[in-house]
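To start, the structure under review is shown below, and the notes come after it.
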Amino acid sequence: MKLSSLLERVEYTISQGSLEEEVTEVVYDSRKAGPGSMFICIRGAVADGHKFIPDVLKKGTRVLVVEEEISAPADVTVIQVKDTRYAMAFISAAYFGYPAEQLKTIGITGTKGKTTTTYMVKSILENAGYKVGLIGTIEAIIGDKVIPAENTTPESFIIQKYFREMADAGCDCVVMEVSSQGLMLHRTQGFLFDFGIFTNIEPDHIGPNEHKDFAHYLYCKSLLLKQCRVGIVNRDDEHFEKIIEGHTCTLETYGFSQEADLRAEDAKLVSGRGYLGISYHLKGLLDFPVEIDIPGKFSIYNSLTAIAICRHFKVSQENIIKALKVAKVKGRIEMVKVSDEFTLMIDYAHNAMALESLLTTLREYHPHRLVCLFGCGGNRSKYRRYEMGEVSGRLADLTIITSDNPRNEEPQAIIEDIKIGISKTQGKYVEIPDRKEAIRYAIEHGEPGDIIILAGKGHEDYQEIKGKKYPMDERVLIADILAGR
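For what it's worth, UniProt numbering labels the leading residue of the sequence shown as 1, then goes sequentially.
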């Protein structure tokens, strides 16, 4: 591919060389560079790609994309841009033949609800006959191919590669999670989302290598509404006016507010034998009853978001109702049937904010007892342990403290930190370091009307100990325990 074609949507200056240069590969990892490749110098949190220029030149690379002035041999073409990450998004789109133009693209951002909503949208659209690709926190799905995720929002080159594969596999559309980091680092540039969704915002991801403060976090999230044609926003969010500030899209809203274009009315908790859910009546742009097999008010928001998107795909009321009833997300309030007497579920809640939201929601169902099993990751902040311990001690009737990715720390040392948080409450607890034995205890001591939550692991199917990942899927552990009873 000619260099001039790769740069057709990029603002740049050519420091030396020729735009007639043929490029066979676009790389941003110096280890993958070679003859015929274009090397894009990315400044990362750990390393600066400009420092690897001598290495890639030795490997035969003759096209460089840089942010700063450099000296290079006369036979090397040097393209200078203001921001190499931003440029890479457009170069990648060109390299893969602008695949987003062959798909309907749906981007979902927000502090909570991204993962569940992407799967709900996928479920509804597939029920209606669409072929849907997905990119998210858990995995990327392209037809029958499932790729475990490393980042919620991959690098722009990987996004465009996935889009190309999706278009080639016959996908009609793609639904993807868009993180604040992804927006901040221009990973979703190079194309315009057909639909951009903003679920909600609360303080999160604030600290070194993330966002300096909440204002910056909100600003980065709201960039999605400048990168989409139709923006769909939660009208109930207290930061609504700030979120939509400077938006360049057609705006639609959802929520409980009377001002919302799509709104939920007459919400009711639904429960049965080993089952929890919620129902409501949809009003506004559409009018019909909805019931979901996932508990909590946030399930209403997630489903409203999904409906707001799928409305644009002319999905029938019947298909929406049917698909929402069966939509499931691995590790997100995932109910696992172990008894008719009590309810057991798995959830990814792995910080105090998520755990508080989850336990508060489950309290609304007035369980006989609310039992919370969790641990905390090693080599991470002790404050998370104190806070989660305090939240569980305050909101659960019984806490079962166990292990969760101890990494290079001793599981018992982490448990002792969690107990410091619990000690600030009147909460009862037991400690069982072995997670399988802790789950066995929870199941064998379940009482009629209990809600038991296994928190922290969610979709993860491993336990990280001393630098090594060992297979450990809570669903498998539960099956083993039930088989042995």
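The beta-carbon is built from N, C-alpha and C at its ideal position, and this holds for glycine as well.
It should be emphasised that the depicted structure is a prediction, and the values quoted were computed from it without experimental measurement.
Burial state of H366 is exposed, judged by a 10 Å Cβ sphere holding fewer than 16 other Cβ atoms. Only buried fits F240, as 16 or more other CB atoms lie within 10 angstroms of its CB. A Cβ-Cβ contact shorter than 8 Å links D397 with K428. Here the alpha carbon of L395 sits roughly 22 Å from the alpha carbon of V336. Within the stretch 181-252, the beta strand (DSSP E) runs of at least 3 residues that lie entirely inside it are, in chain order, 193-198 and 228-234.
In the three-state DSSP reduction, C310 falls in the helix class (H, G or I). In the assembly as shown, A45 is an exposed residue. Its beta-carbon has fewer than 16 other beta-carbons within 10 Å.
Per DSSP, the unbroken alpha helix (DSSP H) holding D168 starts and ends at S156 to D168. The alpha-carbon of M353 is positioned some 15 Å away from that of I418. In this structure, Q102 keeps its C-beta atom at 8 Å or more from the C-beta atom of A33.
The straight-line gap separating the alpha-carbon atoms of E341 and I453 is approximately 15 Å. A residue is called buried once 16 or more other Cβ atoms fall within 10 Å of its Cβ, and A264 is buried on that count. Distance check between T343 and each of P448, A260, V178 and K436 places P448 closest, using alpha-carbon atoms only. Counting of Cβ neighbours within 10 angstroms places Y280 among the buried residues, the total reaching 16 or more. Closest in alpha carbon position to M38, among D48, V66 and S180, is V66.
Taking the CA atoms as reference points, E21 sits about 21 Å from Y98. The beta carbon of H186 is closer than 6 Å to those of R85, Y86 and A89 in its chain, skipping five residues each way along the sequence. The stretch 371-433 is shown to contain whole alpha helix (DSSP H) runs of 4 or more residues at 382-395 and 411-422, in chain order. Between G136 and M176, the CB-CB gap stays under 8 Å. The Cβ neighbour count for I142, taken over all protein chains shown within 10 Å, is at least 16; the residue is labelled buried. Just measuring C-alpha positions, the residue of K212, A323 and T105 sitting nearest C171 is T105. Per DSSP, the unbroken beta strand (DSSP E) holding T105 starts and ends at K104 to T109. If you draw a straight line from the Cα of L7 to the Cα of A94, it is about 8 Å long.
Sequence-distant Cβ neighbours of E202 in its own chain, meaning closer than 8 Å and more than five residues away, are T111, K112 and M353. Rounded to whole angstroms, M1 and R62 show a C-alpha spacing of 14 Å. By the Cβ rule, the stretch 370-377 does not count as touching the stretch 305-316, because fewer than three pairs are nearer than 8 Å. For K145, the three-state secondary structure derived from DSSP is strand. Scanning its chain for C-beta atoms nearer than 7 Å, with the 5 sequence neighbours on each side dropped, one finds around S92 the residues V26, S156, F157, Q160 and G190, in chain order. In the same chain as T77, and ignoring 5 residues on each side of it, the C-beta atoms closer than 8 Å to its own belong to L3, I14, Q16, G17, S18, L19, E21, R62, V63 and L64, in chain order. Looking at L482, N151, I197 and E409, the one whose alpha-carbon comes closest to that of Q181 is N151. H368 and V338 have their alpha carbons spaced roughly 17 Å apart. Secondary structure of Q463 (DSSP, three-state): strand. By a beta-carbon distance limit of 8 Å, R435 does not contact I481. Their separation comes to about 11 Å. Following the DSSP letters along the chain, one finds I124 in no beta strand (DSSP E) but inside the alpha helix (DSSP H) bounded by residues K114 to N127. In the displayed model, Y28 falls within coil according to three-state DSSP, outside both helix and strand.
The secondary-structure analysis by DSSP pairs I138 with nothing; it has no beta-bridge partner.
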